[in-house]
Amino acid sequence: MNSNGPVELPLYALFLLLGGLGGLWLLSALTVGRQARRSAAAGDESERDWSVPTLDSEGRGTSPFHRWDLRIKIVSLFLFILCLSGLSQLQTASLALIVGFGSIAVARLPLRRSLRRISAMAAFLGMFLVVMPLTAPVKAGDTVIVFEHLHWLTFNVRGFHLAVVISVKACAIALLVEPLIATAPFSSSVQAMARLGLPETICQMLLLAHRYIYVFQHEAQRMHRGMRVRGFRKRFDLETLRILGNFLGMLLVRSFERTQRVHDAMLCRGYDGRLMWTTAFRATGMDWVKGVSLVAGGIGLLVLDRFWF
Numbered sequence: 267m268n269s270n271g272p273v274e275l276p277l278y279a280l281f282l283l284l285g286g287l288g289g290l291w292l293l294s295a296l297t298v299g300r301q302a303r304r305s306a307a308a309g310d311e312s313e314r315d316w317s318v319p320t321l322d323s324e325g326r327g328t329s330p331f332h333r334w335d336l337r338i339k340i341v342s343l344f345l346f347i348l349c350l351s352g353l354s355q356l357q358t359a360s361l362a363l364i365v366g367f368g369s370i371a372v373a374r375l376p377l378r379r380s381l382r383r384i385s386a387m388a389a390f391l392g393m394f395l396v397v398m399p400l401t402a403p404v405k406a407g408d409t410v411i412v413f414e415h416l417h418w419l420t421f422n423v424r425g426f427h428l429a430v431v432i433s434v435k436a437c438a439i440a441l442l443v444e445p446l447i448a449t450a451p452f453s454s455s456v457q458a459m460a461r462l463g464l465p466e467t468i469c470q471m472l473l474l475a476h477r478y479i480y481v482f483q484h485e486a487q488r489m490h491r492g493m494r495v496r497g498f499r500k501r502f503d504l505e506t507l508r509i510l511g512n513f514l515g516m517l518l519v520r521s522f523e524r525t526q527r528v529h530d531a532m533l534c535r536g537y538d539g540r541l542m543w544t545t546a547f548r549a550t551g552m553d554w555v556k557g558v559s560l561v562a563g564g565i566g567l568l569v570l571d572r573f574w575f
C-alpha cells in the first residue's frame, strides 16, 4: 500500500464503474444478437448448403496474407502470438492491438466479423476487470481505492491494470488468429500443419470436425424447430429437462448414424486410414522475409516491454 494510505471515493463511483462494465457487456450481447438476426434474415436457411463450411469463406484472395506460404505463416504467427502472451505493460499490449487491427486491414478481411468475435469475448474478459482488482493481493507501492461506507471492499489499481493488459492482449491475439485461419482454405491449413509435424490423426480429426460440425449444427436446429412447431417451450421444470435430455440423446444417435454413413462413403472412395493431400507448397524469398519480419517484430515488442517501458 502507498505511503498516503488508501484513496477513498464516494459510493456512487462504484455504481458508475459497475454500470459502465454492465453497459459494455450489454452492448456486446446486443451486437452479437443483432448480427445473428441479420444473418438469419439475409437468406432462407432451407436453401443454404450446410455442407459448405463458412470458417474459411475469405480463403480466396490476393492480399499478402493470402499469398503467404502457409507453413511459414503458421509458424511465424504462432511465434508472434507467443511473444504477445509474454507482454506485461499496457503500452506494448496496445501496440500489439494496433498490429492486430493492421493485420485485418492488410488481409482485407471484414472488420465486422472480427469485432463480433471480440464482442463474444467481452463477457469473459469483463469478469477479469471485476474480479482481479478486488482479489489481487496488496503489495508495497500499490494504490488501493476504498468506497464510502464499504471500507471492507478494496479496489487494487494494480489488479485492474493487470486485467486491462490481459484483455488487450486477448483481443490482439484474437485479431491475429483471424487472418491465420480465414486467409486460406482450412484443408490447406491442416495440410500445412501436417507438413510441420502435427500427427496425421489429429489433422484428420480437425479436418472432419470442421467439415461436418456445420451439418450437425443444422441437424440440431432442424430438430429444435420441429419441437417448437409441436408446442415445446423452455420452462424451469422437470418436464423441460426430460425433453432436452431426449433431444440431446436423439442428436447423438443421429450424429453417430451420420458418421457411420460418412465412414462407409469414404471407404467406398478408397480411404485406407490416410487422407490424400493435394496442396503443393513452395516458399519464396518474400515468404521468408514476411516470416522473419513478423517474428522480429514480436521479439522487439517483448524487448520494449521488458527493458524500455
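In this note's numbering, the protein residues as written are 267 to 575. Beta carbons are placed, not taken as given, at the ideal position from N, Cα and C, and that holds for glycine.
_Contact under 9 Å by Cβ, residue 562 with residue 335_ = By one-based count along the sequence shown, residue 562 stands at place 296. By one-based count along the sequence shown, residue 335 stands at place 69. Not closer than 9 Å, so no.
*asked:* According to DSSP, simplified to helix, strand and coil, what is residue 599?
replied: This structure gives no information on residue 599, because the portion of the chain shown stretches from 267 to 575.
*Thinking C-alpha only, which one of 393, 391, 330 is nearest residue 374?*
On the sequence shown, residue 374 is found 108 positions in, with the first residue counted as 1. Per the Cα distances, 330.
*Identify which residue in 442, 344, 347, 349 has its Cα closest to the Cα of residue 383.*
Indexing the sequence shown from 1 puts residue 383 at position 117. Of 442, 344, 347, 349, the residue nearest in Cα terms is 442.
*asked:* So the candidates are 339, 532, 449, 520; which of them puts its Cα closest to the Cα of residue 459?
replied: Here residue 459 refers to the residue found at position 193 of the sequence shown. Ranking the options by Cα distance to residue 459, first place goes to 339.
_Meets three-Cβ-pair contact criterion under 8 Å: the segment 388–400 and the segment 415–435_ = yes
*Relative to the alpha-carbon of residue 449, which residue among 572, 418, 343, 438 has its alpha-carbon at the smallest distance?*
Reading the sequence shown from its first residue, position 183 is the one you call residue 449. Selected option, being the one with the closest Cα: 343.
*Please classify residue 463: does DSSP put it in a helix, a strand, or coil?*
Here residue 463 refers to the residue found at position 197 of the sequence shown. Three-state result, residue 463: coil.
*Could you give the distance in angstroms between the alpha-carbon of residue 571 and the alpha-carbon of residue 483?*
On the sequence shown, residue 571 is found 305 positions in, with the first residue counted as 1. On the sequence shown, residue 483 is found 217 positions in, with the first residue counted as 1. So the alpha carbons of these two residues sit roughly 43 Å apart.
*For residue 451, which of 538, 332, 281 has the nearest alpha-carbon?*
In the sequence shown, the residue the question calls residue 451 occupies position 185. Nearest of 538, 332, 281 to residue 451, Cα basis: 332.
*Looking at residue 366 and residue 438, is the spacing between their C-beta atoms short of 9 Å?*
Numbered from 1 along the sequence shown, position 172 holds the residue referred to as residue 438. Numbered from 1 along the sequence shown, position 100 holds the residue referred to as residue 366. A contact, by the Cβ cut-off of 9 Å.
*Kindly indicate which three-state DSSP category residue 456 falls into: helix, strand or coil?*
By 1-based counting over the sequence shown, the position of residue 456 is 190. Residue 456: helix per DSSP, three-state reduction.
_By the three-class DSSP mapping on this structure, what secondary structure does residue 386 have?_
As a working mapping, residue 386 is identified with position 120 in the sequence shown. It is helical.
*When the Cα of residue 467 is compared with those of 506, 435, 540, which residue comes out closest?*
Counted from its first residue, the sequence shown places residue 467 at position 201. When each option's Cα is compared against that of residue 467, the closest is 540.
*Which parts of the segment 335–365 are runs of the alpha helix (DSSP H), unbroken and 4 residues or longer, counting only runs that do not cross its ends?*
336–351
*Would you identify the three-state DSSP class for residue 538, choosing helix, strand or coil?*
Within the sequence shown, residue 538 is the residue found at index 272, counting from 1. It is coil, neither helix nor strand.
*DSSP on residue 333, reduced to helix/strand/coil?*
Here residue 333 refers to the residue found at position 67 when the sequence shown is read from its first residue. Three-state result, residue 333: coil.
*Find out if the Cβ-Cβ distance for the pair residue 490, residue 522 is shorter than 9 Å.*
Position 224 of the sequence shown, counting from 1, holds the residue named residue 490. Position 256 of the sequence shown, counting from 1, holds the residue named residue 522. Not closer than 9 Å, so no.
*What is the DSSP secondary structure of residue 554, reduced to helix, strand or coil?*
Here residue 554 is taken as the residue at index 288 of the sequence shown, counted from 1. Here residue 554 sits in helix by DSSP.
*Among 502, 362, 503, which has the Cα closest to the Cα of residue 436?*
As a working note, residue 436 is residue 170 in the sequence shown. Checked all of 502, 362, 503; the closest Cα to residue 436 is 362.
*Beta-carbon proximity list for residue 473, same chain, < 8 Å, skipping 5 on both sides*: Here residue 473 corresponds to residue number 207 of the sequence shown, with the count starting at 1. Correct list, in chain order: 452, 453, 456, 541.
*Distance, Cα to Cα, residue 293 vs residue 283?*
On the sequence shown, residue 293 is found 27 positions in, with the first residue counted as 1. On the sequence shown, residue 283 is found 17 positions in, with the first residue counted as 1. Spanning the two alpha carbons is a distance of roughly 15 Å.
*Inter-residue Cα distance where the pair is residue 313 and residue 477*: Counted from its first residue, the sequence shown places residue 313 at position 47. Counted from its first residue, the sequence shown places residue 477 at position 211. Here residue 313 scores only 45 on pLDDT, less than 50, and its place in the model is too uncertain to base an answer on.
*Cβ-based neighbour list, residue 498, same chain, cut-off 7 Å, excluding 5 preceding and 5 following*: Locating residue 498 in the sequence shown gives position 232, where the first residue counts as 1. Closer than 7 Å at Cβ, skipping near neighbours: 509.
*Let me know if residue 410 comes out buried or exposed under the rule of 16 or more other beta-carbons within 10 Å of its beta-carbon.*
Sequence index remark: in the sequence shown, residue 410 carries index 144 (1-based). Buried: at least 16 other Cβ atoms inside 10 Å.
*residue 559: buried (16+ other C-beta within 10 angstroms of its C-beta) or exposed?*
Counting from one through the sequence shown, the residue named residue 559 turns up at place 293. Residue 559 is exposed by the Cβ-count criterion.
*Which residues in the same chain have their Cβ closer than 6 Å to the Cβ of residue 506, if we skip the five residues on either side of it in sequence?*
Within the sequence shown, the letter at position 240 stands for residue 506. If we look at residue 506 and ignore the five residues flanking it on each side, its Cβ neighbours are 500.
*Hey, residue 564 and residue 350 are a contact pair by Cβ (cut 8 Å); roughly how many whole angstroms apart?*
The residue you call residue 564 lines up with position 298 of the sequence shown. The residue you call residue 350 lines up with position 84 of the sequence shown. About 7 Å; that satisfies the 8 Å criterion.
*Consult DSSP for residue 524 and reduce its assignment to one of helix, strand or coil.*
Against the sequence shown, residue 524 aligns to sequence position 258. If DSSP states are grouped into helix, strand and coil, residue 524 belongs with the helices.
*Are residue 420 and residue 412 closer than 9 Å when you measure CB to CB?*
Position 154 of the sequence shown, counted from the first residue, corresponds to residue 420. Position 146 of the sequence shown, counted from the first residue, corresponds to residue 412. The answer is yes: Cβ separation under 9 Å.
*Using the C-alpha atoms, what's the distance from residue 408 back to residue 316?*
Position 50 of the sequence shown, counted from the start, is the residue given in the question as residue 316. Position 142 of the sequence shown, counted from the start, is the residue given in the question as residue 408. Since pLDDT at residue 316 reaches only 43, below the 50 mark, its modelled position is unreliable, and the value read off the structure follows with that caveat. So the alpha carbons of these two residues sit roughly 54 Å apart.
*How is residue 404 classed by DSSP in three states: helix, strand or coil?*
Position 138 of the sequence shown, counted from the first residue, corresponds to residue 404. The answer is coil: DSSP assigns residue 404 none of H, G, I, E or B.
*Would you mind sorting residue 403 into buried or exposed? The rule is 16 or more other CB atoms within 10 Å of its CB.*
Stepping through the sequence shown from its first residue, residue 403 is reached at position 137. Looking at its Cβ environment, which holds fewer than 16 other Cβ atoms inside 10 Å, residue 403 is exposed.
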